[in-house]
Amino acid sequence: MSQEKYAMDILTRVGMKNCKSSPTPLAASEKLSREDGEQLSTEDSTKYRSIVGALQYLTLTRPNLAISVNKVCQFLHSPTIVHWSSVKRILKYIKGTIDVGFQINKSDSSLVSTFSDADWAGSIDDRRSTRGFAVYFGTNLISWSARKQATVSRSSTEAE
Numbered sequence: 798m799s800q801e802k803y804a805m806d807i808l809t810r811v812g813m814k815n816c817k818s819s820p821t822p823l824a825a826s827e828k829l830s831r832e833d834g835e836q837l838s839t840e841d842s843t844k845y846r847s848i849v850g851a852l853q854y855l856t857l858t859r860p861n862l863a864i865s866v867n868k869v870c871q872f873l874h875s876p877t878i879v880h881w882s883s884v885k886r887i888l889k890y891i892k893g894t895i896d897v898g899f900q901i902n903k904s905d906s907s908l909v910s911t912f913s914d915a916d917w918a919g920s921i922d923d924r925r926s927t928r929g930f931a932v933y934f935g936t937n938l939i940s941w942s943a944r945k946q947a948t949v950s951r952s953s954t955e956a957e
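What follows is the structure in structure tokens.
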């Protein structure tokens with residue numbers, strides 16, 4: 798399954814169809830805050846929300862975008878220039894991986910494997926953790942998620 802055409806449509810909407818690609822969607826150490834940068838205008842805020850919503854839909858077949866898109870989704874209420882720059886970096890990554898899709902292959906294994914991780918108090922603004930998981934059936938990814946936790950963890954064990 799691939800959303801190559803949909804991804805190209807997003808890039809075209811933003812005017813980044815011919816942009817240079819990025820090797821990663823966001824830096825692993827990227828810490829975004831609601832205080833970073835100058836507020837976007839009303840028109841640009843609407844564009845930000847529209848593009849981030851489109852990116853959320855793209856994560857249905859692109860789990861490699863889930864954490865990065867989750868980070869920029871946290872600022873839908875009040876996006877800034879810094880947040881928009883992060884969205885553009887995600888779009889540059891998409892440009893370089895436009896043909897990546899979600900594959901389901903025949904597998905002889907019926908082993909179910911689950912992987913999870915969390916960043917303890919990773920949000921600068923509210924000290925909440927972001928957690929993610931991936932579930933494989935044989936070699937096929939069948940479920941994944943990346944979400945900000947509802948409560949503040951007091952230890953790294955609670956976050957995990």
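If you want my numbering, it's the position in the sequence shown, counting the first as 1, plus 797.
Idealized CB from N, CA, C, for every residue including glycine.
From a predicted model like this one, the values you see are computed outputs, not experimental measurements.
Going along the chain, which unbroken runs of the alpha helix (DSSP H) with 4 or more residues stay wholly within the region 801 to 855?
Listed in chain order, the complete alpha helix (DSSP H) runs (minimum 4 residues) inside the region 801 to 855 are 801 to 811, 839 to 855.
Do you know how far the Cα of S799 is from the Cα of T877?
Looking at the two C-alpha atoms, the distance is approximately 31 Å.
In terms of residue numbering, what span does the beta strand (DSSP E) encompassing W941 cover?
Its beta strand (DSSP E) spans residues 937 to 945.
Check for me: the alpha helix (DSSP H) holding G893 runs from which residue to which?
Here the alpha helix (DSSP H) through G893 covers 878 to 893.
For the region 903 to 919 and the region 879 to 895, state whether three or more C-beta atom pairs, one from each stretch, are separated by less than 8 Å.
Result no; under three Cβ-Cβ pairs closer than 8 Å.
Is it true that the CB of I848 sits closer than 8 Å to the CB of V884?
For V884 and I848, yes; Cβs fall inside 8 Å.
Pick from A825, E832, F899: whose alpha carbon is nearest that of L857?
Residue F899 is the option with its Cα nearest to L857.
What number of angstroms, rounded off, separates the C-alpha of Q836 from the C-alpha of V866?
Taking the straight line from one Cα to the other gives about 19 Å.
Got a sec? Which residues, its chain only, sit under 6 Å from V879 by beta carbon, not counting five neighbours each side?
Counting only Cβ-Cβ distances below 6 Å, and skipping sequence neighbours, we find D833, G834.
Just how far apart, CA to CA, sit V932 and S906?
The alpha-carbon atoms of V932 and S906 are separated by roughly 14 Å.
S910 by DSSP, collapsed to three states: which one?
Looking at S910 - three-state DSSP - the assignment turns out to be strand.
Would the beta-carbon of W941 fall within 8 Å of that of P822?
Not a contact, by the Cβ cut-off of 8 Å.
Let me check understanding here. Comparing Cα to Cα, which of T839, Y890, L855, K844 lies closest to N815?
N815 has its Cα closest to that of Y890, out of T839, Y890, L855, K844.
State the DSSP-derived secondary structure class of V897, mapped to helix, strand or coil.
Three-state result, V897: coil.
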